[in-house]
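> Top line first, the protein sequences correspond to chains A and B. Position one of the first sequence corresponds to residue 147 (the numbering used here), numbered consecutively onward. Position one of the second sequence corresponds to residue -4 (the numbering used here), numbered consecutively onward. Quick one: this structure, given as structure tokens, is what I'll be asking you about.
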Amino acid sequence: MSAALLSAIGEASAETATYWEATAAGVLMLRWCKACGQPHHYPRTLCPFCFGETEWRESTGHGEIYSFSIQRRVSQEYAIAYVMLEEGVAILTRIVDCRLEDVQIGQKVVVAFQPTVDGKMVPVFRPT
Amino acid sequence: MAHEHAYVAGAFEHPLRLAPDKSVAQLHAEVAKGALEDAGLSLHDVDGYFCAGDAPGLGPLSMADYMGIRPRHVDSTETGGSSYLIHLAHAAQAIAAGTCNIALITLAGRPRSEGSIATTPRTWNVGTPESPFEVPFGANSANLYAMCAKRHMHEFGTTPEQLAWVKVAASHHAKHNPFAMLPRVVTVEDVLNSPLVADPLHRLDCCVVSDGGGALIVTKRDIAKSLARPLVRLIGAGEAIAGQEGGRIDITRTAAAKSGAAAFEQAGVRPSDIDYASIYDSFTITVILQLEDLGFCEKGKGGSFVADGNLIAGIGKLPVNTDGGGLCNNHPANRGGITKAIEAVRQLRGEAHPAVQVRDCRLALAQGTGGYLGTRHGSATVIFERES
């Protein structure tokens, strides 16, 4: 199936420029804290758990569906979801490349990338 | 509030649900006038003013100037639909601190006239840090609350039928409210047969989109006693916010657990003592999550708690939203928090519709949620007592 168009991101900040450069190259990055050693998402320069300095690390891109909903009554239905990544952080996303009726909580998924209307690549997930 | 309680002396809900010919500022002024008249006070008595993001202009500056209020205390705390119940608590604190004596809180808006649609993702100010990570995926109020419902069903076995009971109860109350936007009684089947908006939420699981507003007057005891209205005092309040915790989410739990615990502790009462509860009902699932987190039932048992008419006045154990709530009556400015306090005040005064009036209503709770369960939200709990 074709994916519903992803709406514009707008101007990305310098703080997250590396994230968007990575998604354009087909890589999902997470921020990890150099002080407490914990990952988080969405990415911040200062760790939201301890205010330590953070660094980019590549995510495995694997996870499972934590929750989802099929958006109805729009021109093209889509599955919005939270995917719990293997690293233990949730990412708001869409589930793609499957029948919407087949999406389930607990389903194993892997990251893929799709363009927004303003030409950025964003991480979506498909069943493995 | 350690020494003296604050009192709600005036409460007013705008009668309109569609107001294409009124400005938002005008609606604020009309509800302010209504609440002052209800209290028996006048514009010039107001020395504290509270408003949130629905007020046009710069915080309280534009509205105070428009209405002709000369406040010595202002507060524009903004936590979405929970703002106005937080304002109640802040007004009580300001009165206790002596920075104002008569506080006015207003909410008004016209989303219905302006064509607001729940499935349209909201856009935020440039620089809102989470936006690039949420907006592109089509996150909106309906599908975010739907994800909470889906997860709650997964973890606790909650059913669409149980969600529907929240709407059914609201409709049984709304039929007695001549101002309610949706006064028709509906059944569980009606809810389940209405179109899905975002699985598992149907159209009838969603609140109305209405124009209008409401206002409250909060004051100190000696002023409240000098007025001709029944005495309703604020005996407990709590506020809390919650977010994504850096990705360690649990979207089946809300900040009501914290705001409720704080309010109950301050009031010195328990959930089982509450005679009437106004529970924010942007969606049916919103009510179930808050009832659990406030302690009206065990976590995960909210579905069975609301089933079989348990929220219907005269039938169930806990009468909830006897005005018809956001689901059937009114959700002005897409954030109807103030209506929760207004109906609680009506109940404590004995001024609810006779068909839904709780007999000898002494303790009432009002609970507001603002923003989005599922991403980040505010929660406010207030407990009122009728003073005999």
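The beta carbon of each residue, even a glycine, is placed where N, CA and C say it ideally should be. Every value quoted in this text rests on a predicted model; they were computed, and no experiment measured them.
#1: Considering just the uninterrupted stretch of the alpha helix (DSSP H) at residue 169(A), what are its terminal residues?
#2: Determine the closest residue to residue 241(A) out of 171(A), 268(A), 197(A), with distance taken between C-alpha atoms.
#3: What does DSSP give as the partner residues of residue 179(A) in its beta bridges?
#4: Using beta carbons (cut-off 8 angstroms, strictly below), is residue 149(B) in contact with chain A?
#5: Do the CB positions of residue 90(B) and residue 264(B) come within less than 8 angstroms of each other?
#6: Taking 8 angstroms as the threshold, find out whether the segment 369 to 377 of chain B comes into contact with the segment 137 to 144 of chain B through three or more Cβ pairs.
#7: With a threshold of 7 angstroms on Cβ separation, who are the neighbours of residue -3(B) within its own chain once the five nearest residues in sequence on each side are excluded?
#8: Any chance the segment 327 to 334 of chain B sits against the segment 64 to 78 of chain B, with 3 or more Cβ pairs inside 8 angstroms?
#9: Just the Cα atoms here: how many angstroms apart are residue 201(B) and residue 270(B)?
#10: Between residue 341(B) and residue 171(B), what straight-line distance do the alpha-carbon atoms span, to the nearest angstrom?
#11: Below 8 angstroms on the Cβ atoms is my contact criterion, and I expect residue 211(A) with residue 252(A) to pass it. Report the Cβ-Cβ distance as a whole number of Å.
#12: Counting contacts by CB-CB distance shorter than 8 angstroms, is residue 253(A) in contact with chain B?
#13: Residues of chain B with CB closer than 8 angstroms to the CB of residue 216(A), please, in chain order.
#14: Taking Cβ positions, are residue 339(B) and residue 273(B) nearer each other than 8 angstroms?
#15: According to DSSP, is residue 361(B) part of a helix, a strand, or is it coil?
#16: Comparing C-alpha positions only, which one of 19(B), 358(B), 34(B) sits nearest to residue 52(B)?
#17: Under 8 angstroms between C-beta atoms, does residue 192(A) make it to chain B?
#18: Here's a check: name, in chain order, each residue in its chain whose Cβ is nearer than 6 angstroms to the Cβ of residue 147(A), leaving out the five neighbours to either side.
#19: Quick check for students: name the residue ranges of the alpha helix (DSSP H) that lie wholly in the segment 189 to 254 of chain B, counting only runs of 4 or more.
#20: Any beta-carbon of chain A closer than 8 angstroms to the one on residue 142(B)?
#21: Looking only at its own chain, which residues have a Cβ that is under 8 angstroms from the Cβ of residue 258(A), when we skip the five neighbours before and after it?
#22: What's the gap between the Cα of residue 310(B) and the Cα of residue 304(B)?
#23: Establish whether the CB of residue 145(B) and some CB of chain A are separated by less than 8 angstroms.
#24: I'd like to know whether the C-beta of residue 237(B) is nearer than 8 angstroms to at least one C-beta of chain C.
#25: With which residues is residue 194(A) paired in a DSSP beta bridge?
#26: Throw me the rounded Cβ distance for the residue 137(B) and residue 177(B) pair, which I believe falls under 8 angstroms.
#27: Among 83(B), 88(B), 276(B), which residue has its Cα nearest to the Cα of residue 365(B)?
#28: Would a C-beta distance cut-off of 8 angstroms place residue 239(A) and residue 254(A) closer than the cut-off?
#29: Tell me the DSSP secondary structure of residue 136(B) in three-state form.
#30: Within the chosen definition, does the segment -1 to 8 of chain B reach the segment 178 to 187 of chain B through at least 3 CB pairs nearer than 8 angstroms?
#31: With 8 angstroms set as the bound, which would you pick, yes or no: does the beta-carbon of residue 147(A) sit closer than that to a beta-carbon of chain B?
#32: Three-state secondary structure (DSSP) at residue 273(B)?
#33: Name, in chain order, the residues that DSSP records as bridge partners for residue 375(B).
#34: Roughly how many angstroms lie between the CA atoms of residue 278(A) and residue 198(B), to the nearest whole one?
#35: Can you look up residue 291(B) in the DSSP assignment and give me helix, strand or coil?
#36: Assign residue 39(B) to buried or exposed, taking buried as 16 or more other Cβ atoms, counted over all protein chains shown, within 10 Å of its Cβ.
The answer reads as follows:
#1: Locating residue 169(A) in the first sequence gives position 23, where the first residue counts as 1. Where residue 169(A) is concerned, the enclosing alpha helix (DSSP H) stretches over 163 to 170.
#2: Locating residue 241(A) in the first sequence gives position 95, counting from the first residue. Each of 171(A), 268(A), 197(A) was checked against the Cα of residue 241(A), and the nearest Cα belongs to 268(A).
#3: Here residue 179(A) is taken as the residue at index 33 of the first sequence, counted from 1. Bridge partners of residue 179(A) according to DSSP: 200(A).
#4: As a position in the second sequence, residue 149(B) is number 154, starting the count at 1. Cβ-Cβ to chain A under 8 angstroms: yes for residue 149(B).
#5: In the second sequence, the residue the question calls residue 90(B) occupies position 95. In the second sequence, the residue the question calls residue 264(B) occupies position 269. Taking 8 angstroms as the Cβ cut-off, residue 90(B) and residue 264(B) do not qualify as a contacting pair.
#6: Result yes; three or more Cβ-Cβ pairs closer than 8 angstroms.
#7: Locating residue -3(B) in the second sequence gives position 2, where the first residue counts as 1. Bear in mind that the predicted position of residue -3(B) carries a pLDDT of just 48, short of 50, making it unreliable; the figure below should be weighed with that in mind. Excluding sequence neighbours, residue -3(B) sits near nothing in its chain.
#8: Taking a cut-off of 8 angstroms on C-beta distances, the segment 327 to 334 of chain B touches the segment 64 to 78 of chain B, as three or more cross pairs fall below it.
#9: Locating residue 201(B) in the second sequence gives position 206, where the first residue counts as 1. Locating residue 270(B) in the second sequence gives position 275, where the first residue counts as 1. Answer to the nearest angstrom: the Cα atoms are 26 angstroms apart.
#10: What you label residue 341(B) is simply residue 346 of the second sequence in a count that begins at 1. What you label residue 171(B) is simply residue 176 of the second sequence in a count that begins at 1. If you take the alpha carbons of residue 341(B) and residue 171(B), they lie about 14 angstroms apart.
#11: The residue you call residue 211(A) lines up with position 65 of the first sequence. The residue you call residue 252(A) lines up with position 106 of the first sequence. Residue 211(A) to residue 252(A), Cβ: 6 angstroms. Contact.
#12: To locate residue 253(A), count along the first sequence from 1; it is residue 107. Closer than 8 angstroms: no.
#13: Translated into the one-based positions of the first sequence, residue 216(A) becomes position 70. The CB of residue 216(A) comes closer than 8 angstroms to the CB of 191, 193, 194 in chain B, given here in chain order.
#14: Reading the second sequence from its first residue, position 344 is the one you call residue 339(B). Reading the second sequence from its first residue, position 278 is the one you call residue 273(B). In this structure, residue 273(B) lies closer than 8 angstroms to residue 339(B) by Cβ.
#15: Here residue 361(B) is taken as the residue at index 366 of the second sequence, counted from 1. Reduced to three states, the DSSP call for residue 361(B) is strand.
#16: Position 57 of the second sequence, counted from the start, is the residue given in the question as residue 52(B). For residue 52(B), the nearest C-alpha among the options comes from 19(B).
#17: Residue mapping note: residue 192(A) aligns to position 46 of the first sequence, counting from 1. Proximity of residue 192(A) to chain B, defined by a Cβ-Cβ separation below 8 angstroms, is not satisfied.
#18: Within the first sequence, numbered from 1, the residue matching residue 147(A) stands at position 1. Below a pLDDT of 50, predicted positions are generally treated as unreliable, and residue 147(A), at 39, falls in that range; no measurement from the model is reported.
#19: Listed in chain order, the complete alpha helix (DSSP H) runs (minimum 4 residues) inside the segment 189 to 254 of chain B are 216 to 221.
#20: In the second sequence, the residue the question calls residue 142(B) occupies position 147. It does: the Cβ of residue 142(B) has a partner Cβ on chain A nearer than 8 angstroms.
#21: Within the first sequence, the letter at position 112 stands for residue 258(A). Result list for residue 258(A): 242, 243, 269, 270, 271, 272, in chain order.
#22: If you number the second sequence from 1, residue 310(B) lands on position 315. If you number the second sequence from 1, residue 304(B) lands on position 309. Rounded to the nearest angstrom, the gap between the Cα atoms of residue 310(B) and residue 304(B) is 7 angstroms.
#23: For the purposes of this step, residue 145(B) is taken as residue 150 along the second sequence, with counting starting at 1. So, interface residue.
#24: Protein chains in the displayed structure are A and B, and chain C is not among them.
#25: For this step, residue 194(A) is matched to residue 48 along the first sequence. Beta-bridge pairing by DSSP links residue 194(A) to no other residue.
#26: Taking the second sequence and counting its residues from 1, one reaches residue 137(B) at position 142. Taking the second sequence and counting its residues from 1, one reaches residue 177(B) at position 182. Actually they are not in contact, since the Cβ atoms of residue 137(B) and residue 177(B) sit about 17 angstroms apart, beyond 8 angstroms.
#27: The sequence position of residue 365(B) within the second sequence is 370, counting from 1. Comparing Cα positions, the closest option is 276(B).
#28: In the first sequence, counting from the first residue as 1, residue 239(A) sits at position 93. In the first sequence, counting from the first residue as 1, residue 254(A) sits at position 108. Note that the C-beta distance between residue 239(A) and residue 254(A) is not below 8 angstroms.
#29: Translated into positions along the second sequence, residue 136(B) becomes position 141. The answer is helix: DSSP assigns residue 136(B) an H, G or I state.
#30: The segment -1 to 8 of chain B, when compared against the segment 178 to 187 of chain B, does not touch it at the 8 angstroms Cβ threshold.
#31: For the purposes of this step, residue 147(A) is taken as residue 1 along the first sequence, with counting starting at 1. Only weak support is given to the placement of residue 147(A): the predicted model assigns it a pLDDT of 39, under 50, and the value that follows is read from those uncertain coordinates. No, its Cβ sits nowhere closer than 8 angstroms to a Cβ of chain B.
#32: As a first step, residue 273(B) is located in the second sequence; it is residue number 278 there, counting from the start. Here DSSP, grouped into helix, strand and coil, assigns residue 273(B) to strand.
#33: The residue you call residue 375(B) lines up with position 380 of the second sequence. 234(B), 363(B).
#34: Residue 278(A) lies beyond the range of chain A shown here (147 to 274); nothing can be said about it.
#35: Sequence index remark: in the second sequence, residue 291(B) carries index 296 (1-based). For residue 291(B), the three-state secondary structure derived from DSSP is coil.
#36: Against the second sequence, residue 39(B) aligns to sequence position 44. Exposed is the call here.
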